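Novice:
Protein chains: 4
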Amino acid sequence: MDYDALKERVCAANKEINRVQLAILTWGNASEVDREAGVFAIKPSGVDYDEMTPDDIPIISLETGEKLEGAMNPSSDTATHWHLYKAFPDIGGIVHTHSPYATAWAQAHRGIPCLGTTHADTFYGAVPCTRPLTQAEIEGEYELNTGKVIEEHFVNNGLKAVELPGVLVSSHAPFTWGADALKAVVNGRVLEEVAKMAATTFALNPNLGSVDQFLLDKHYLRKHGANAYYGQK
Amino acid sequence: MDYDALKERVCAANKEINRVQLAILTWGNASEVDREAGVFAIKPSGVDYDEMTPDDIPIISLETGEKLEGAMNPSSDTATHWHLYKAFPDIGGIVHTHSPYATAWAQAHRGIPCLGTTHADTFYGAVPCTRPLTQAEIEGEYELNTGKVIEEHFVNNGLKAVELPGVLVSSHAPFTWGADALKAVVNGRVLEEVAKMAATTFALNPNLGSVDQFLLDKHYLRKHGANAYYGQK
Amino acid sequence: MDYDALKERVCAANKEINRVQLAILTWGNASEVDREAGVFAIKPSGVDYDEMTPDDIPIISLETGEKLEGAMNPSSDTATHWHLYKAFPDIGGIVHTHSPYATAWAQAHRGIPCLGTTHADTFYGAVPCTRPLTQAEIEGEYELNTGKVIEEHFVNNGLKAVELPGVLVSSHAPFTWGADALKAVVNGRVLEEVAKMAATTFALNPNLGSVDQFLLDKHYLRKHGANAYYGQK
Amino acid sequence: MDYDALKERVCAANKEINRVQLAILTWGNASEVDREAGVFAIKPSGVDYDEMTPDDIPIISLETGEKLEGAMNPSSDTATHWHLYKAFPDIGGIVHTHSPYATAWAQAHRGIPCLGTTHADTFYGAVPCTRPLTQAEIEGEYELNTGKVIEEHFVNNGLKAVELPGVLVSSHAPFTWGADALKAVVNGRVLEEVAKMAATTFALNPNLGSVDQFLLDKHYLRKHGANAYYGQK
Chain R
1 MDYDALKERV CAANKEINRV QLAILTWGNA SEVDREAGVF AIKPSGVDYD EMTPDDIPII
61 SLETGEKLEG AMNPSSDTAT HWHLYKAFPD IGGIVHTHSP YATAWAQAHR GIPCLGTTHA
121 DTFYGAVPCT RPLTQAEIEG EYELNTGKVI EEHFVNNGLK AVELPGVLVS SHAPFTWGAD
181 ALKAVVNGRV LEEVAKMAAT TFALNPNLGS VDQFLLDKHY LRKHGANAYY GQK
Chain P
1 MDYDALKERV CAANKEINRV QLAILTWGNA SEVDREAGVF AIKPSGVDYD EMTPDDIPII
61 SLETGEKLEG AMNPSSDTAT HWHLYKAFPD IGGIVHTHSP YATAWAQAHR GIPCLGTTHA
121 DTFYGAVPCT RPLTQAEIEG EYELNTGKVI EEHFVNNGLK AVELPGVLVS SHAPFTWGAD
181 ALKAVVNGRV LEEVAKMAAT TFALNPNLGS VDQFLLDKHY LRKHGANAYY GQK
Chain W
1 MDYDALKERV CAANKEINRV QLAILTWGNA SEVDREAGVF AIKPSGVDYD EMTPDDIPII
61 SLETGEKLEG AMNPSSDTAT HWHLYKAFPD IGGIVHTHSP YATAWAQAHR GIPCLGTTHA
121 DTFYGAVPCT RPLTQAEIEG EYELNTGKVI EEHFVNNGLK AVELPGVLVS SHAPFTWGAD
181 ALKAVVNGRV LEEVAKMAAT TFALNPNLGS VDQFLLDKHY LRKHGANAYY GQK
Chain E
1 MDYDALKERV CAANKEINRV QLAILTWGNA SEVDREAGVF AIKPSGVDYD EMTPDDIPII
61 SLETGEKLEG AMNPSSDTAT HWHLYKAFPD IGGIVHTHSP YATAWAQAHR GIPCLGTTHA
121 DTFYGAVPCT RPLTQAEIEG EYELNTGKVI EEHFVNNGLK AVELPGVLVS SHAPFTWGAD
181 ALKAVVNGRV LEEVAKMAAT TFALNPNLGS VDQFLLDKHY LRKHGANAYY GQK
């Protein structure tokens with residue numbers, strides 16, 4: 001079995017994280033799953049984006065979460081990605097960053113309400129913030145439990161991962177996802193821009209609520225619904 | 001009839017939106033009208049700025065709002081541009097972006113009062129924020145109604161489009177205009193910079209009002225009045 | 001008489017304003033005086049920084065304020081520069097910009113108190129904000145009166161231009177100066193950075209006062225006093 | 001004795017300060033110690049980063065604090081670096097900048113509490129802010145006393161320099177350190193990013209406290225503890 005194309009896409013998506021300034025240093029990682037092959041590829045841990053090559057990208061078993069291929073250690077966040085691929089069967093790529101505005105909302109323990117069409121074009125509702133992990137969750141299988149807390153929030157609140165392609169982990173930072181790794185990076189950019197705009201918006205009007213559901217419907221569905229009319233398709 | 005020059009100008013103006021960082025991804029569109037020919041040219045929907053060529057630019061009838069020429073779908077905001085060209089017969093180009101500070105004011109449902117000469121040099125008074133669209137307006141011909149709500153605000157408040165080349169659509173984002181597409185981009189840059197300065201200004205002094213009318217007159221008219229003395233003309 | 005070297009320096013200083021992002025579009029101008037020759041050179045009005053050449057730089061009489069040489073109109077702010085060269089005989093270059101943070105303080109009608117050593121290294125005390133110009137001053141010789149209001153503030157408050165190389169004009173924007181045009185640009189950069197830091201500082205601690213005089217003395221004088229020991233001289 | 005390699009590393013680290021935008025103009029300096037040789041190398045005072053070469057880097061005696069080698073004056077902050085190398089025997093490089101967000105916290109006289117994992121990955125607790133220096137300390141051996149006040153804070157509060165590689169000097173700016181000069185620059189970048197995120201976080205949630213100790217332990221120790229599992233080692 002040959003994962004060259006998958007490794008190339010994941011390497012490119014990780015470099016894209018850095019190019020679009022979602023992460024300084026090594027503060028972000030992207031992965032992409034090949035569900036037929038039962039594997040996902042992910043950034044190696046602590047490697048500079050500029051120096052990374054497709055050969056450095058580890059391949060992980062979707063069944064066991066163990067490394068199948070590659071000389072380097074996978075990202076320390078690998079178990080979070082692994083759990084999310086299992087919890088959300090419709091997603092194809094995942095991105096984790098510490099982009100500054102989204103991270104500030106996560107640190108403030110606040111989800112980002114939908115304040116306008118920029119948000120509604122990508123996220124069909126508020127970008128949620130998880131509950132804090134417990135001491136036992138943190139001292140146990142921390143990265144795996146991070147994935148579980150994200151899944152718990154989506155299940156308990158009846159949220160659909162495909163319609164809401166991002167989350168803030170409390171006291172930590174954002175995860176976004178999409179059809180593939182590059183689309184997960186795009187959703188990470190949208191989330192950071194939305195987080196920045198929302199911070200400025202609340203500074204100008206602290207008592208603001210979410211937009212009306214019919215505006216949210218209009219904008220989300222004109223891009224993503226059955227009758228979408230944005231773009232060239 | 002040959003629209004090559006118009007398409008080139010509109011293609012260049014759309015790339016300029018991206019170059020000056022008024023839009024990430026595909027979050028902005030520029031158009032320009034040729035009133036003699038009865039058409040306007042506009043960005044194709046969802047196309048990357050880097051990949052766009054003049055051949056991709058659709059030509060729209062000013063009379064019907066329908067596409068006359070071009071293989072690609074025009075911007076999903078085409079009906080807004082169309083209505084504004086009809087409502088404001090003195091403008092030649094229109095730009096729509098989601099630039100972050102102007103969008104934050106729109107999301108906060110606040111117009112931007114004139115707080116200094118930077119604003120007064122381009123906008124002869126506060127940059128207005130429209131009323132929210134109703135459910136019926138959003139669920140009906142949404143993009144056309146966006147144009148109508150902008151026109152309504154200008155008519156009801158006795159505002160002149162040429163003197164006030166921009167507006168914030170509530171819960172949405174800014175539109176700017178000018179003598180041609182490139183000048184509409186310039187006005188989009190001014191609006192974003194003014195929106196940023198105004199947010200910082202209110203953080204430093206929350207109780208501030210507008211500048212005096214005589215300062216507004218002086219700055220606007222030294223650049224735009226009959227006796228203007230700015231520049232080389 | 002040949003002003004080639006002066007024109008080259010002023011052209012370079014104006015391009016520097018743009019390179020270091022103190023001004024977008026044409027929102028800033030630099031000038032430099034040759035007191036022996038009795039002239040100063042200044043940016044032409046409304047010309048793009050990228051297109052400007054030394055030949056475009058007008059030469060103005062220090063005695064009359066009239067243009068002596070050059071095909072282009074001088075900056076519309078020429079009379080302000082002219083007055084400041086006469087009011088402050090120790091300065092050699094002047095820069096005016098609408099840099100966003102300094103302009104926000106000017107729009108908020110607040111001088112910038114000295115909050116730390118970054119400020120104290122360049123400005124020997126608060127960067128002052130002038131009183132608003134009166135209607136008569138604005139409707140009369142506006143640009144000249146802008147210079148007069150700056151001078152008035154320095155005279156009434158016993159401030160020395162060389163020790164305090166910048167000012168905020170109320171509802172307008174900053175002016176900075178220095179030994180030559182390039183040093184005035186450097187002081188414009190310092191002012192913008194100090195203005196940004198001070199805005200963040202007050203957000204974190206709204207009740208803050210100025211630093212102690214002995215800290216201000218230490219930092220200002222280690223760079224500028226008779227016993228300065230910063231740098232290579 | 002030949003310090004060429006040390007000078008090259010210190011020259012590169014100083015240029016890195018500028019490349020990653022921790023300092024404009026000449027507002028930052030880096031040094032690195034060679035404890036076996038009993039010397040440290042540091043930036044020359046007031047020299048532009050672009051023009052600096054390894055030959056310009058002065059060599060200072062760790063025993064006396066005096067210059068041993070080099071034509072140029074060392075940084076005016078040399079005595080602070082000297083004292084810190086003696087006070088903290090486990091550190092190998094030091095960086096001082098006036099990066100804007102970290103400086104704003106220093107000017108606000110506030111340490112930066114640990115608000116999330118971005119912070120915890122590098123700093124094992126709040127980044128402290130020193131007490132203000134007294135008039136006598138400022139008018140005496142100011143730069144040496146700056147080092148002493150930092151040491152005093154760490155000693156009085158039982159803090160370990162290796163676990164907390166940075167500090168804010170009240171009314172002044174940050175110092176960071178690390179195993180060598182380049183790692184001290186990296187810690188300066190982390191501190192600036194953390195300072196920016198924390199300012200935004202408090203704007204969104206003013207009453208926030210620090211994260212739980214077990215989250216801090218988890219993140220700091222997974223990168224730096226005996227059982228660290230981040231990266232490729």
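Protein chains in written order, with the UniProt record's numbering: chain R, 1 to 233; chain P, 1 to 233; chain W, 1 to 233; chain E, 1 to 233.
Glycine included, C-beta positions come from ideal geometry on N, C-alpha and C.
This one's a predicted model, so the numbers in the text were calculated from it and none came from an experiment.
1) What are the uninterrupted segments assigned as alpha helix (DSSP H) that are 4 or more residues long and contained completely in the segment 74 to 116 of chain P, given in chain order?
2) Could you spell out the range, first to last residue, of the beta strand (DSSP E) harbouring residue 168 of chain P?
3) Find out if the Cβ-Cβ distance for the pair residue 261 of chain R, residue 147 of chain R is shorter than 8 angstroms.
4) Residue range of the alpha helix (DSSP H) that residue 123 of chain R falls in?
5) Counting only C-beta atoms, is residue 21 of chain E closer than 8 angstroms to chain R at any point?
6) Can you pull the chain R neighbours of residue 103 of chain P, defined as C-beta to C-beta under 7 angstroms?
7) CB of residue 138 of chain P to nearest heavy atom of the ligand SAM: below 7 angstroms?
8) Where in the segment 180 to 215 of chain E do unbroken runs of the alpha helix (DSSP H), each at least 4 residues long, occur, reported from the N-terminal end onward?
9) So, residue 199 of chain E versus residue 203 of chain W, is the Cβ gap smaller than 8 angstroms?
10) Three-state secondary structure (DSSP) at residue 33 of chain R?
11) I'd like the list of long-range same chain contacts for residue 90 of chain E, defined as Cβ closer than 7 angstroms, with 5 residues on each side in sequence excluded.
12) Label residue 43 of chain W either buried or exposed according to how many other C-beta atoms from any shown protein chain fall within 10 Å of its C-beta, with 16 as the threshold for buried.
13) Listed in chain order, which residues of the segment 213 to 230 of chain E have Cβ atoms closer than 7 angstroms to some Cβ of chain R?
14) Return the chain-ordered list of same chain residues with a C-beta closer than 6 angstroms to the C-beta of residue 69 of chain R, the five sequence neighbours on each side being excluded.
15) Measure the CB-CB distance between residue 56 of chain E and residue 47 of chain E and report whether it falls below 8 angstroms.
16) Using the three-state DSSP reduction, which class does residue 23 of chain W fall into: helix, strand or coil?
17) Could you tell me which of E:139, E:172 and E:164 sits nearest to residue 179 of chain E, measuring between CA atoms?
18) DSSP on residue 291 of chain W, reduced to helix/strand/coil?
19) Exposed or buried, what is residue 141 of chain P when buried is set at 16 or more other beta-carbons lying within 10 Å of its beta-carbon?
20) Residue 181 of chain W: buried (16+ other C-beta within 10 angstroms of its C-beta) or exposed?
21) Using the beta-carbon of each residue, which ones in chain W are nearer than 9 angstroms to residue 9 of chain P?
22) Against chain P, does residue 37 of chain W count as a neighbour if the rule is that its beta carbon must be under 8 angstroms from one of theirs?
23) Distance check for residue 61 of chain R and residue 86 of chain R, CA to CA, integer angstroms please.
24) Rounded to a whole number of angstroms, what is the C-alpha to C-alpha distance between residue 2 of chain P and residue 121 of chain R?
25) Flag this pair as yes or no: are the beta carbons of residue 17 of chain E and residue 215 of chain W separated by less than 8 angstroms?
26) With DSSP collapsed to three states, give me the class of residue 226 of chain P.
27) Which same chain residues end up closer than 8 angstroms to residue 63 of chain W when comparing Cβ atoms and leaving out the 5 residues on each side of it in sequence?
28) Suppose you measure from the CA of residue 33 of chain R to the CA of residue 184 of chain R; what does that come to, to the nearest Å?
29) Do residue 194 of chain W and residue 171 of chain E come within 8 angstroms of each other at the CB atom, strictly closer than that value?
30) I need the boundaries of the alpha helix (DSSP H) containing residue 178 of chain R, first residue and last residue.
31) Counting only Cβ-Cβ distances shorter than 9 angstroms, please list the residues of the segment 176 to 202 of chain P near chain W, keeping chain order.
32) Along chain E, in chain order, which residues have C-beta atoms closer than 8 angstroms to that of residue 211 of chain W?
33) Alpha carbon to alpha carbon, how far is residue 219 of chain W from residue 228 of chain W? Give it in angstroms, no decimals.
34) Pop quiz: residue 102 of chain P and residue 8 of chain P are said to be a contact at Cβ under 8 angstroms. What is the actual Cβ separation, rounded to whole angstroms?
35) Is DSSP giving residue 44 of chain E helix, strand or coil here?
36) Between residue 25 of chain W and residue 116 of chain P, what straight-line distance do the alpha-carbon atoms span, to the nearest angstrom?
Specialist: So, to answer that:
1) 78 to 87 and 100 to 107
2) 166 to 168
3) Nothing can be reported for residue 261 of chain R, as the shown portion of chain R is limited to 1 through 233.
4) No alpha helix (DSSP H) holds residue 123 of chain R; DSSP gives it neither H nor E.
5) no
6) 116, 118 and 197
7) The model on display carries no ligand, and the ligand SAM is accordingly not part of it.
8) 181 to 204
9) yes
10) strand
11) 161 and 162
12) buried
13) 214, 215, 218, 222, 229 and 230
14) 59
15) yes
16) coil
17) E:164
18) There is simply no residue 291 of chain W to check, as chain W begins at 1 and stops at 233 in what is shown.
19) exposed
20) buried
21) By Cβ distance, chain W contributes nothing, its closest Cβ being about 18 angstroms from residue 9 of chain P, past 9 angstroms.
22) no
23) 11 angstroms
24) 35 angstroms
25) no
26) coil
27) 38
28) 12 angstroms
29) no
30) Unbroken run through residue 178 of chain R is the beta strand (DSSP E), 174 to 178; no alpha helix (DSSP H).
31) 186, 189, 190, 193, 196, 197, 198, 199, 200, 201 and 202
32) 171
33) 10 angstroms
34) So it is not a contact: roughly 27 angstroms between Cβ atoms.
35) strand
36) 17 angstroms
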